[in-house]
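**Student:**
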Amino acid sequence: MSFDTTSMASDLPFLGPKSGPSSMELRQFSRPHRHHASPTLGELMQLVGDVNNSSNSNHDRVFEPQIQSYPFVLSFNNLSYSVKTPKNISLSNSLGGNKIDVSNTKVLLDDISGEAREGEIMAVLGASGSGKSTLIDALANRIAKEKLKGTVMLNGEVLESKLVKVISAYVMQDDLLFPMLTVEETLMFSAEFRLPRTLSKSKKKARVEALIDQLGLRNAAGTVIGDEGHRGVSGGERRRVSIGIDIIHDPIVLFLDEPTSGLDSTSAFMVVKVLQRIAQSGSIVIMSIHQPSYRLMSLLDKLIFLSKGQMVYSDTPSKLPDFFAQFGNPIPENEDRTEFALDFIRELEISGSGSQPLVDFNKTWIRKNANESNLGQGAKLSLKDAISASISRGKLVSGATNMDSNLSSSVPTFANSFWVEVLVIAKRSMLNSWRSPELYAIRLGAIIVTGTILSTMFYKLDNSPRGIKERLGFFAFAMSTMFYTCAEAIPMFLQERYIFMRETAYNAYRRSSYVVSHSIIAIPSLIFLSFVFACITFWAVGLAGGTMGFFTFLLFIFASFWVGSSFVTFLSGVVAHVMLGYTVVVAVLAYFLLFSGFFITRDRIPSYWLWFHYMSLVKYPYQGVLQNEFGDPTECFVTGTQIFDNSPLGAISDSMKVKLLKSMSQTLGVNITSSTCLTNGADILKQQGVTDINKWGCFWVTIALGFFFRILFYFALLVGSKNKRR
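Residue numbers (my numbering): 27 to 752.
1. Are the CB atoms of Phe219 and Ala534 within a distance shorter than 8 Å?
2. Does the beta carbon of Gly715 come closer than 8 Å to any beta carbon on chain B?
3. Among residues of its own chain, excluding the 5 on either side of Leu743, which ones have a beta-carbon nearer than 6 Å to its beta-carbon?
4. Quick one: Cα of Ser108 to Cα of Leu100, how far?
5. With the cut-off set at 8 Å, would you say Asn395 and Arg223 are in Cβ contact?
6. Please report how far the alpha carbon of Pro550 lies from the alpha carbon of Gly590, in whole angstroms.
7. Ser139 lies in the beta strand (DSSP E); which residues open and close that run?
8. Under 8 Å between the Cβ atoms of Lys421 and Asp276?
9. Measuring alpha carbon to alpha carbon, tell me which of Lys230, Ser139, Gly152, Ser106 ends up nearest Ile169.
10. Check for me: the alpha helix (DSSP H) holding Gln306 runs from which residue to which?
11. So Tyr320 is in the alpha helix (DSSP H); what residue range does that whole segment cover?
12. Does DSSP put Ser260 in a helix, in a strand, or in coil?
13. Can you tell me the Cα-Cα spacing of Thr249 and Ile273, whole angstroms?
14. Write down every uninterrupted run of the beta strand (DSSP E) in the stretch 342-389 whose length is 3 residues or greater and which is fully enclosed by it, in chain order.
15. Find the nearest neighbour of Glu211 within the set Glu235, Val664, Gln649, Lys410, judged by alpha-carbon distance.
16. From this set, Ala677, Ser701, Gly354, Val644, which residue's C-alpha is nearest Ala585's C-alpha?
17. DSSP three-state label for Phe663, please.
18. Where does the unbroken beta strand (DSSP E) through Ala195 begin, and where does it stop?
19. Alpha carbon to alpha carbon, how far is Ser539 from Thr595?
20. Around the C-beta of Ala730, are 16 or more other C-beta atoms found within 10 angstroms, so that it is buried, or is it exposed?
21. Decide yes or no for the touch test of the stretch 647-659 against the stretch 498-506: beta carbon pairs closer than 8 Å, at least 3 of them.
22. Could you give the first and the last residue of the continuous alpha helix (DSSP H) run that contains Phe331?
23. Give a yes or no on whether the C-beta atoms belonging to Arg264 and Leu203 are separated by under 8 Å.
24. Take Ile392 and list the residues in its own chain whose beta-carbon comes closer than 7 Å to its own, dropping the five residues that flank it on each side.
25. Is it buried or exposed, His59, if we count other Cβ atoms within 10 angstroms and call 16 or more buried?
26. Buried or exposed: which applies to Glu13, given that a residue is buried once 16 or more other Cβ atoms fall within 10 Å of its Cβ?
27. Flag this pair as touching only if the stretch 694-711 and the stretch 509-516 have three or more C-beta atom pairs under 8 Å; answer yes or no.
28. Classify Leu326: buried if its beta carbon has 16 or more other beta carbons within 10 angstroms, exposed otherwise.
29. In or out: His544 buried (at least 16 other Cβ within 10 Å) or exposed?
30. So for Leu743, helix, strand or coil by DSSP?
31. Cutting at 7 Å between CB atoms, please list the residues of its own chain near Ser408, excluding the five before and the five after it.
32. Answer with buried or exposed for Pro285, where buried requires no fewer than 16 other C-beta atoms within 10 angstroms of its C-beta.
33. Apart from the five residues on each side of it in sequence, which residues of its chain come closer than 8 Å, Cβ to Cβ, to Ile451?
34. May I have a chain-ordered list of the beta strand (DSSP E) segments no shorter than 3 residues that lie completely inside the stretch 615-695?
35. So what does DSSP say about Lys394, is it helix, strand or coil?
36. Do three or more CB pairs link the stretch 710-728 to the stretch 574-588 at distances below 8 Å?
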């Protein structure tokens, strides 16, 4: 199979300059020179700035990086982690009659130790279920502290959770990106989140441009990420973008969970080549990988093989043949080393003795080679001095410039202020929504269709007893419609859920900023929807109150949208599945309508269900619009003979109705004529049981409930997005 490395080298800056096929092949398969330090993103940014600002820029200028390095060493000792299975299992021994208790504890990591150094790539290999991702999570502080045994240290100092979030980054196996943003926009938003506000817009832009070149994404910079319905970048480019958004601040430690999964060999090689550049710029790169190719092995500096949570090999790739040769199973000359190792480990696992002999031999191997290698020598600098030196080089842009004795307190938790985060999140959400308006268009269409149907069904209602009944039905249906159309908002957060969890796990922004931003950007769209519905229905139905009544009706429509949207948003933070979310929303809103006071008035609701009446979100806007409609004391709704309209006597002639009124007048001692007002608005409100809270009280309670559910949404995110194993 031929491989055109010449053209690739010319197109991809991280593969080096264009050269002949033989030299390119040698460059790919030979071990890289580890003493060469690549420039940090900070130095690349400075280079970009110099080139842009120079009047006679030299495009052939070669960047000479600093020779001095500031080494970091991440060491982990005796890491162990186990989880409880659902229940105990008892097996009967047919020979002795005794019961054998099977343990309900599953060990995922069993006494794992090792270290990773700056400038190197450490890869964790093993079959599915061997513990690769678990080890990466343990090193990245993604396992609850009380569950993980052992220590993780950087330059001999135990890493605290707050410090890990600032100096490291974690790239998930799945590419969680906004599909309608371009590559450059995605990286720019990441820069606005992770880089401090003290850095100018031009500097952030320069950093993004340098990163695009470092990742080899220049040709795809203006292409949208894409999804199933929109064509976008390739799989390899998407993976490199995922890496880029997490290294925009140039972290000291980079964790990756199977970054080559699902990629072809060429794309996988490109990704790992980028990781090599990142490591050489002064970072520690630790990744899990399923089965690297021969070319990928040439880029790796250290391997850890796992078997059912135990370490069976920990050394450089070059020592793999010697390791298996001394164990008694040499690797055949023409066989791939990695494939042989993984296949051999799998054979041991299914054998009677398991992989324990290989685990014991690895411990002996490590002790034997400890004096020959630099294992355990530690770092040249203290953690404080090493971080300060890295910051001075331009790494860890969101870190502090002055380090005191307490590292955790000197490193800022977030790069930007609360309101800066709110603005950036709002800008990104609006841009993404503007390019995919389908959800909002469907919601607007539903409002227009519903409003048109209601306007034609309830056109020009009169003030007769029948008109009163129809008005009550219109208000009940209209208010409940506001809530049901809000169910369209369920997928909006669920689509962003895992992006949100990834970004907040390493302090890209505050959870509170996300909640406030999404609350603010929701308001203009809700106002527009409310205005459209009110304009379609108010005058067509013939509601009372004139201009003032219209704006009051508009306010209650908006309040209904607000509390409905807030409630659905809260549920989307609790329920992680779209269909389950729709089921819960439809069921709960049906209960709210049942207890709103329309089907059965408040005084008729059983006392043990009265609490649900006051919890009903439909109750307050429904009562508010009723009071807006029937609040005029001079308006009469039932006069004289109309009293018989809702009874069997409604079918008799008008002359007979007049005679009945005269008879009733004599009996009651009150003169009742055909023009006498028998029921005004206050009487209707009393009959409907809506006198417990006044109109504006209903409005403010509805608005307050909207804020209440937004606060609950925040706590749901706080509790449900810890992103740590328990």
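Using N, Cα and C, we set each Cβ at its ideal position, and we do this for glycine too.
**Tutor:** This is what the structure gives:
1. Contact annotation: Ala534 and Phe219 have beta-carbon atoms nearer than 8 Å.
2. The chain labelled as chain B is not found in the depicted structure, where only one protein chain is given.
3. If you ignore the 5 residues before and after Leu743, its C-beta comes within less than 6 Å of the C-beta of Arg537, Gly599, all in its own chain and listed in chain order.
4. So the alpha carbons of these two residues sit roughly 23 Å apart.
5. No, the pair does not count as a contact, with Cβ atoms beyond the cut-off.
6. For Pro550 and Gly590, the distance between alpha carbons rounds to 15 Å.
7. Looking at the DSSP string, the run of the beta strand (DSSP E) that includes Ser139 is 131-143.
8. Yes.
9. Checking every option, the nearest Cα to that of Ile169 belongs to Ser106.
10. Per DSSP, Gln306 belongs to the alpha helix (DSSP H) from 291-306.
11. Here the alpha helix (DSSP H) through Tyr320 covers 320-323.
12. Correct three-state label for Ser260: coil.
13. Rounded to whole angstroms, Thr249 to Ile273 spans 20 Å at the Cα level.
14. Correct list: empty.
15. When the alpha-carbon of Glu211 is set against those of Glu235, Val664, Gln649, Lys410, the nearest one is in Glu235.
16. Of the candidates Ala677, Ser701, Gly354, Val644, Val644 places its Cα closest to the Cα of Ala585.
17. Strand at Phe663.
18. It spans 194-197 - the beta strand (DSSP E) in which Ala195 sits, taken as one unbroken run.
19. Approximately 15 Å between the Cα atoms of the pair.
20. Answer is exposed; the Cβ neighbour count stays below 16.
21. Between the stretch 647-659 and the stretch 498-506, the count of C-beta pairs closer than 8 Å reaches three or more; the two stretches touch.
22. Run containing Phe331: none in the alpha helix (DSSP H); it sits in the beta strand (DSSP E), 328-333.
23. Result yes, Cβ atoms of Arg264 and Leu203 sit closer than 8 Å.
24. So the qualifying residues of the chain are Ser340.
25. In this predicted model, His59 has a pLDDT of only 43, less than 50, meaning its place in the structure is not dependable; the value taken from the coordinates is given anyway. His59 is exposed by the Cβ-count criterion.
26. The chain is shown from 27 up to 752; residue 13 falls before or after that span and cannot be answered.
27. The stretch 694-711, when compared against the stretch 509-516, does not touch it at the 8 Å Cβ threshold.
28. Answer is buried; the Cβ neighbour count reaches 16.
29. Here His544 is buried, its C-beta having at least 16 other C-beta atoms within 10 Å.
30. Three-state DSSP puts Leu743 in a helix.
31. For Ser408, same chain residues with a beta-carbon under 7 Å away, outside a window of 5 residues either side, are Asn181 in chain order.
32. Classified as buried, Pro285 has 16 or more neighbouring CB atoms from the shown chains inside 10 Å of its CB.
33. Same-chain partners within the cutoff: Tyr535, Ser539, Tyr540, Ser543, His544.
34. The qualifying runs are 662-665.
35. Reduced to three states, the DSSP call for Lys394 is helix.
36. Result yes; three or more Cβ-Cβ pairs closer than 8 Å.
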